[in-house]
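In the working numbering, the protein residues as written are 1 to 153. Heads up, the thing below is written out as structure tokens.
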């Protein structure tokens, strides 16, 4: 008899176990789940069984699959639309602009300020700026910085 298990009972048990680990912060929000291969080895199950369990957790909004990265734990606290840090930074600045906290013509926080506030690299902050520039929310002025785009008449 093989050590590999399959069937609906096994994948539902795996879903329950992983859900419990996420809720107990064994896999905290923002962390990556172990790889499919690691889960197969730990639970002695086939890869397809792991994939079925992952699909259920993703439908529940507990995890999100990020191509070439793995599966990100969302739990209940992280927005599903912002799996990457640059998207979360851009979202935060966008929200400040929409609420009027950053008025038209005002300076956007510098790369250095945002890097320190979020603990990210310069390229991550620049990706966030690129998103906002593409959306037409901010403009870059050479040698001066980035500013919230003013009202156009």
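Glycine included, each C-beta is placed from N, C-alpha and C at the ideal position. None of the values given here were measured: they were computed from a predicted structure.
Through-space distance from residue j to residue i, alpha-carbon basis
i	j	result
residue 99	residue 84	23 Å
residue 14	residue 28	17 Å
residue 26	residue 42	15 Å
residue 17	residue 11	10 Å
residue 117	residue 67	27 Å
residue 47	residue 40	6 Å
residue 95	residue 51	36 Å
residue 136	residue 120	24 Å
residue 101	residue 35	41 Å
residue 143	residue 60	47 Å
residue 111	residue 69	25 Å
residue 115	residue 92	14 Å
Exposure of residue i, with buried meaning 16 or more beta-carbon neighbours within 10 Å
i	result
residue 63	buried
residue 20	exposed
Supposed close pair residue i, residue j - CB separation, criterion 8 Å
i	j	result
residue 22	residue 75	6 Å
residue 148	residue 105	6 Å
Cut-off 7 Å between Cβ atoms - residues of its own chain near residue i, not counting five sequence neighbours on either side
i	result
residue 58	64, 65
residue 130	none
residue 134	none
residue 103	148
Residue closest to residue i, alpha-carbon to alpha-carbon, out of the options
i	options	result
residue 37	107, 71, 125, 124	71
residue 146	31, 30, 113	113
residue 86	140, 31, 45, 125	125
residue 141	121, 73, 107	107
residue 123	90, 150, 144, 97	90
residue 150	60, 93, 69, 97	97
residue 132	144, 24, 88	88
Beta-carbon proximity list for residue i, same chain, < 8 Å, skipping 5 on both sides
i	result
residue 73	22, 27, 28, 29, 30, 31, 32, 33, 62, 63
Own chain, CB closer than 6 Å to residue i, minus 5 neighbours either side, in chain order
i	result
residue 155	Here the chain comprises residues numbered 1 to 153, so residue 155 is not present and cannot be evaluated.
residue 128	86, 89, 90
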